[in-house]
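Undergrad: Start counting at 1 in the sequence shown, then tack on 1024, and there's your number in this note's numbering.
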Amino acid sequence: QVQLVESGGGLVQPGGSLRLSCKASGSASSFYLLAMGWYRQAPGKQREWVASIRTSGHAEYADFVKGRFTISRDNSKSTVYLQMNSLKSEDTAVYSCHGQRFDNTYWGQGTQVTVSS
1025 QVQLVESGGG LVQPGGSLRL SCKASGSASS FYLLAMGWYR QAPGKQREWV
1075 ASIRTSGHAE YADFVKGRFT ISRDNSKSTV YLQMNSLKSE DTAVYSCHGQ
1125 RFDNTYWGQG TQVTVSS
């Protein structure tokens, strides 16, 4: 079993930056086998995919964050990151970390990101 814990959320002004972290524990020694991703859910909206990074390190992004967000992973720390730059008010949401290997999926509790002046 893998537990995922996010951190790094908070209040930031439009145009600002935040870096989210998601640390795996439990069967963290197998972290490098997990495909990892970030999702977000804004108030009154459905959860949407933001970015993913495969075990190979290959990253993919939703169109609305391309060029602004960067996902990365450090397998030695069992951690995946989401660097968010040029934040907009519409990026306000709860950001959740997701891990998957075959049919096993894992979710963190989420961290709130609020972009407001």
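Where is the CB? At the ideal position from N, CA and C, for every residue including glycine.
What number of angstroms, rounded off, separates the C-alpha of Gln1025 from the C-alpha of Gln1070?
TA: Distance between the alpha carbons of Gln1025 and Gln1070 is about 27 Å.
Undergrad: Which one of Ser1049, Ser1080, Ala1066, Gly1033 has the shortest CA to CA distance from Arg1043?
TA: Of the listed residues, the one whose Cα sits closest to Arg1043 is Gly1033.
Undergrad: Tell me whether Leu1106 sits in a helix, a strand or coil according to DSSP, three-state version.
TA: Leu1106 falls in the strand class under three-state DSSP.
Undergrad: With distances taken between CB atoms, is the gap from Ser1049 to Ser1031 smaller than 8 Å?
TA: Their beta carbons are not under 8 Å apart, which means Ser1049 does not touch Ser1031 by this criterion.
Undergrad: Can you find at least 3 beta carbon pairs, one from the segment 1118-1128 and one from the segment 1053-1064, that sit closer than 8 Å?
TA: Yes, they touch.
Undergrad: Since Tyr1130 sits in a beta bridge, which residues does DSSP pair it with?
TA: DSSP, once it has assigned bridges, lists Gly1123 as partnering Tyr1130.
Undergrad: Helix or strand or just coil, what does DSSP make of Lys1047?
TA: DSSP places Lys1047 in strand when its eight states are reduced to three.
Undergrad: If you run the structure through DSSP and keep just helix, strand and coil, what is Leu1057?
TA: Three-state result, Leu1057: helix.
Undergrad: Do Val1139 and Ser1113 count as a contact pair if the criterion is CB distance below 8 Å?
TA: It is a contact, given that the beta carbons lie within the stated cut-off.
Undergrad: List the DSSP bridge partners of Glu1030.
TA: The partner list for Glu1030 (beta bridge, DSSP) reads Cys1046.
Undergrad: So, using beta-carbon positions, are Ala1083 and Ile1095 closer together than 8 Å?
TA: Yes, they are a contact pair.
Undergrad: Specify, as a first and last residue, the run of the beta strand (DSSP E) that Arg1086 falls within.
TA: This sequence places Ala at residue 1086; Arg is not what is there. Segment: none, Ala1086 is in no beta strand (DSSP E) and carries neither H nor E.
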